[in-house]
Every structure is written in structure tokens, then in C-alpha cells.
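The structure appears below as C-alpha cells.
There are 2 protein chains.
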Amino acid sequence: MKTMDDLFLHHVKDIYYAEKQILKALPKMAKATSSPELKKAFEHHRDETEGQVERLEQIFEILGKPVRGVKCDAIEGLIAEAKEVMDEAEDDGVMDAGLLASAQAVEHYEIARYGTMSAWASQLGLAKAVKLLDETLKQEKAADQLLTKIAASGVNAEAS
Amino acid sequence: MKTMDDLFLHHVKDIYYAEKQILKALPKMAKATSSPELKKAFEHHRDETEGQVERLEQIFEILGKPVRGVKCDAIEGLIAEAKEVMDEAEDDGVMDAGLLASAQAVEHYEIARYGTMSAWASQLGLAKAVKLLDETLKQEKAADQLLTKIAASGVNAEAS
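In order, the protein sequence lines correspond to chains A and B. Position in the first sequence (from 1) plus 37 gives the number in the numbering used here. Position in the second sequence (from 1) plus 37 gives the number in the numbering used here.
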């Protein structure tokens, strides 16, 4: 990695891989919860993630590069933690609290990544990419806020 | 994991392991950067992390449990990404931008985790633990804001 263009492209590939993994994980998380509210949030975010994948594909096109992911160790670890919760929770309330925690950790990872990438795209003069990244960033922040609201509204409280 | 107490304790162990890994990674990141500002930020946060580890040890004591970490896959992945940057960046500006991105991803993970754990501790009536967790959460948010400020002030700009 010699230039900011290399670093930016690497991160586009990294988050592309991550979004694909998230796309696979969310239906499992929706299936694992007994809370209709949380189930709906996971399903809604799964649909949003499809749009986020498409936006990344548009960025590959802007860069004139083939659409290709690269293994993202961070998302592998974050999803492994969500799987651990699904495997080990022996109570509905504990399951939901653990799923909420895992989902918010994933959202925060994405918020950090899209925030950084939007700043880099701006420096690189890639105005159209900035717009696409900011659109996704806004969705990730809203998803995180919704999860906080669900947690506060009682999913966690029921389990304590 | 049958109760919220189990889930809370598991997360205390998980973040305790994570903080210990961060304690080892930060001096390497401080060594890898050529920016005095970023070096100072990493060193300062290393010192803060020592205090955060001590606070977690106080929480183990409050819970009446032995101080023990449990492997945290998420932090392993996040630190693997930082190592990748350190191994592959061939330019000082690219190195600093990549280190900033990695550090902010770690901060966001911690912000998500401490936020969740503080909410759980509050539900569990562990007022003293809430205070300790909130103190660390405040430091993590400040560290993230400082990194954003450094990124905006030119570390990234120099590399583009």
C-alpha cells in the first residue's frame, strides 16, 4: 500500500466482504430472537444492507476496479461473538440482550469504517463516493440508535 | 448463560481480555507512526488503558469473581487489521491514515461494549460498576474524538 488510493481501495474491499457476511448473519439473528421488535429491526437492516452492498459496487465502478472483497478479520471476530451468544444463551431475555450487544458492536464497527472512508474519499476528490458512503453511514447510525431504543424499551429489562 | 448476571460477567471477561491486548498493541502503533501528535495520542491512551484495566479488576471484585479474561474474537480481528496496516503501508502518510482508521475502529468497539455493559450494570443494580464503566466510556469517546481531530488536522491530508 503506497498511496491513499491503495488504502481506500483496500478498505472498500474489506467493508464489501464485511457487508456480505452481515447479510448472511442477520437472518440467523432474526431467527434467534423471540422479540418481534428486534426481529423486525434485524430484517429491516438486512434489506438496508443489500442497498449498502450495491452502493459499494458503485464505488468499485467509480474507481474502475473489479468488485472484489478481501477477508475482514474484524467482522469475522464480531460475527463469531454473535454466534457464541446464539449458541450459549439459555434464556430468551439473555439471548435478546446478547444479540442487541453484538449487533451494536457491528454497527459501531461500520460507523467507524464508513466515517473514515468518507473522509478519505473527500480528500481524494471522489465526491460521488462520498455521497454513497454518507448515505450508508446515516443508515448505520440510525440502525444503532434503533437498537439502543429497543434495548432501553425493555428487551434487556425483561431479562434482568 | 442463563441470567443477565452470567451475560454481564462474560462481557466483563471479554473486555478485560480486549484491554490487555490493546495495552500490548498501542506501543507498537506509537512506534510505527512518524507523526509526533499521533504518537503522543497512542502513548496517552496506553496510560489510560492501564487505568481501565484496573477499573475492570474492581468490577470483578464487586461481582466477587476471580479476575479472568476470556478470548475476545472481535479484538483479535481488529488488532489483526492494525497489524496488517503496519506490515503493508509503504508510505508514512498511508501508515498514519491506516493506523488512525484502525485505532478508531477499536475505540468504536469499546464504546459499543462499555455502553451496553453500563446499561446492564444499571439494570442489575450495580451502581458502583456503572460509575466505573461510565468513567472508561467517557475516556474512550474522548480518545475517538481526539483521533478524529488529528485525522482532520492533516495526518490524512498529507498522505493524499
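For every residue, glycine included, the Cβ atom is placed at its ideal position computed from N, Cα and C.
Contact between L115/A and G135/B does not hold, since their C-beta atoms are separated by about 19 Å, which reaches or exceeds 8 Å.
Shown in chain order are the members of the stretch 46–70 of chain A whose Cβ falls below 9 Å from a Cβ of chain B: H47, H48, D51.
In the DSSP assignment, D128/A falls outside any alpha helix (DSSP H) and carries neither an H nor an E. In the three-state scheme derived from DSSP, where H, G and I count as helix and E and B as strand, S139/A is classed as helix. Excluding residues up to 5 positions away in sequence, S155 lie with their Cβ nearer than 6 Å to the Cβ of D171/B in the same chain. Residues of the stretch 104–116 of chain A with a C-beta less than 9 Å from any C-beta of chain B: C109, D110, A111, I112, E113, G114, L115, I116, listed in chain order. V107/A is positioned such that its CB atom lies no closer than 8 Å to that of E56/A. Between I99/A and K168/A, the CB-CB gap reaches or exceeds 8 Å.
Taking C-beta atoms as the reference points, V49/B and F97/B count as a pair closer than 8 Å. Shown here, V90/B sits in a helix according to DSSP, grouped into three states.
The straight-line gap separating the alpha-carbon atoms of K76/B and K68/A is approximately 45 Å. Restricting attention to K175/B, G191/B, E118/B, A117/B, the CA atom closest to the CA of H82/B is found in K175/B.
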